[in-house]
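These notes are about the structure you will find just below.
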Amino acid sequence: MFKKRILLVIAISLVGCSTSQPVVRTVRTTNKTIARTKQTLHKKPNTTIVKSVKKPINSKPDIISKPIAQSPVNNSKTETNSKTDINSETQILEATTRVKVTTAMVLEYISKYKDIAKNNMAKYGIPSSIILGQGILESGAGTGPLSVQANNHFGIKCHKDWSGPSVKYDDDSAQECFRKYNLPNESYTDHAIFLTGRAWYQPLFKLKKDDYKEWAKGLKAAGYASDPKYPDKLIGIIERYQLNQYDSEVLGTEYVPVNSKEQVSANSNLYQVSQGDTLYSISKKFNISIEDLKRKNDISENAISIGQNLIIK
């Protein structure tokens, strides 16, 4: 019996020793887990760095867009330097506004509105050449402030009978009232109605429809413009761009081109400005100083207009 008890105690001791081993194993496992956790913590900063590198990618389109916006400017400079044709030449147009335009701009304007001018000639009896010439002169070939802001291509003021929209603009007096239109076509129609509906313009309609010179003088005489050189400017534009060809098309007559090259008036004391003329070139041609030329013609600036008659003696 005693022996059995001893054997039981020994067996219990052995069992106790065997159950203590997992404790050691558990400690080892914990150490590995800690080590792995440390490794994981060390890896997290790397993940954050990768994300921060990707952020600048979103800003690349803005950087690329800048040279794209500049490239047309560089191209235009190259094209401008290479142009030698007549379309790039500039001239001054001065009536209601004073603007500088190129020949190409004027030709584009003519192409855009010539059909309207021809239709108005057929309907109202105003020469196409006069309509287009006035449109070019008064609107600066569609680039002047009144034509851009108010679609007013003929410098027509409000007057008492106008109840439509208007704009204020400095002309003969400060902040004068000018008519405003929704479309340029409305300005062309109103121009025809304006001339046909006023008694003081009626003498114009007794003139021949292909006599643009008398029409230009008649407009000034009737008070359309205050500029004493208005007829010369208008005639110069008509002849420079051969606008009277559209009169012939409407009338069904043969068109005879006008010689618009540099001209000396029948009055040898006058010279009509033509394409390419400057005060300097005219002064050299007629052996007169620029200052004398400006003084004789009451010119304060160096700009002159095609068709303008200058006193040279």
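According to mature numbering (1 follows the signal peptide of the UniProt record, and there is no 0), the sequence shown holds residues -22 to -1, 1 to 291 in order.
No residue lacks a Cβ here, since even glycine has one placed at the ideal position from N, Cα and C.
In angstroms, rounded to a whole number, what distance separates the CA positions of T256 and N130? Looking at the two C-alpha atoms, the distance is approximately 30 Å.
Kindly indicate which three-state DSSP category T256 falls into: helix, strand or coil? Look at T256 here: in three-state DSSP terms it is coil, with no helix or strand label.
Which value, in whole angstroms, describes the spacing of the CA atoms of I284 and L110? Each residue's Cα considered, the two are about 16 Å apart.
At the level of alpha carbons, what is the spacing between L185 and W193? Taking the straight line joining both Cα atoms gives about 7 Å.
Thinking A200 and Y179 are a contact (beta carbons under 8 Å), I'd like their distance in whole angstroms, please. Your pair A200 and Y179 checks out as a contact, with CB atoms roughly 5 Å apart and the cut at 8 Å.
Who pairs with I289 in a beta bridge, going by DSSP? Bridge partners of I289: L248.
So, are the CB atoms of K96 and E227 less than 8 Å apart? Going by C-beta atoms, K96 is nearer than 8 Å to E227.
Taking only the alpha-carbon atoms, compute the straight-line gap between T231 and I268 and give it to the nearest angstrom. Looking at the two C-alpha atoms, the distance is approximately 44 Å.
Buried or exposed: Y202, going by 16 or more other Cβ atoms within 10 Å of its Cβ? Under a 10 Å Cβ-count criterion, Y202 is classified as buried, with 16 or more other Cβ atoms of the shown protein chains found around its own Cβ.
Can you tell me whether T80 is helix, strand or coil according to DSSP? Here T80 carries a strand assignment [DSSP, helix/strand/coil].
What residue from K101, Y102 and I108 has the CA that sits closest to G214's CA? When C-alpha distances from G214 are compared across K101, Y102 and I108, the shortest belongs to I108.
Would you mind reading off the limits of the alpha helix (DSSP H) that contains E192? Residues Y190 to A199.
Exposed unless 16 or more other CB atoms sit within 10 angstroms - verdict on A177: It counts as exposed.
Quick test of your reading: F156 and S165, contact by CB under 8 Å. State the CB separation rounded to the nearest angstrom. With 8 Å as the limit, F156 and S165 do not qualify as a contact, their Cβ atoms being about 11 Å apart.
Sheet register partners of residue 334 (DSSP bridge): In this structure the chain extends from -22 to 291, so residue 334 is not present and cannot be described.
What are the boundary residues of the beta strand (DSSP E) that includes F172? Counting along the chain, F172 falls outside any beta strand (DSSP E), though it belongs to the alpha helix (DSSP H) covering P162 to T174.
Between the beta-carbon of K198 and the beta-carbon of P181, is there less than 8 Å? Contact flag unset, no.
CA nearest to the CA of N160, picked from D139, F132 and Q127: Considering only alpha carbons, the answer is Q127.
In angstroms, rounded to a whole number, what distance separates the CA positions of S106 and A170? Those two C-alpha atoms are separated by around 11 Å.
Collapsed DSSP secondary structure at E232 in the structure displayed: In this structure, E232 counts as coil in the three-state DSSP scheme.
I'd like to check one pair, N247 with K291: are the Cβ atoms closer than 8 Å? Contact: yes.
Using the Cβ count rule (16 or more neighbours within 10 Å means buried), how would you classify F172? The C-beta of F172 has 16 or more other C-beta atoms within 10 Å across all chains shown, which makes the residue buried.
Terminal residues of the continuous beta strand (DSSP E) containing Y202? Y202 -> no beta strand (DSSP E), and no H or E assigned at all.
My output table needs one value for K272: the three-state DSSP class, helix, strand or coil. Looking at K272 - three-state DSSP - the assignment turns out to be helix.
Return the CA-CA distance between D139 and V236, expressed in angstroms with no decimal places. Near 39 Å, if we compare the C-alpha coordinates of V236 and D139.
Taking the C-alpha atoms as reference points, what is the distance between E279 and S261? C-alpha separation (whole angstroms): 15 Å.
Reduced DSSP secondary structure (H/G/I, E/B, other) of residue 314: No answer is possible for residue 314: it lies beyond the span of the chain, which begins at -22 and ends at 291.
Assuming S144 is part of the alpha helix (DSSP H), what are its boundary residues? Segment S144 to Y147 is the beta strand (DSSP E) holding S144; no alpha helix (DSSP H) there.
Taking 8 Å as the cut-off, decide whether the C-beta atoms of K135 and E116 are in contact. Their beta carbons are not under 8 Å apart, which means K135 does not touch E116 by this criterion.
Specify, as a first and last residue, the run of the beta strand (DSSP E) that E279 falls within. No beta strand (DSSP E) holds E279; DSSP gives it neither H nor E.
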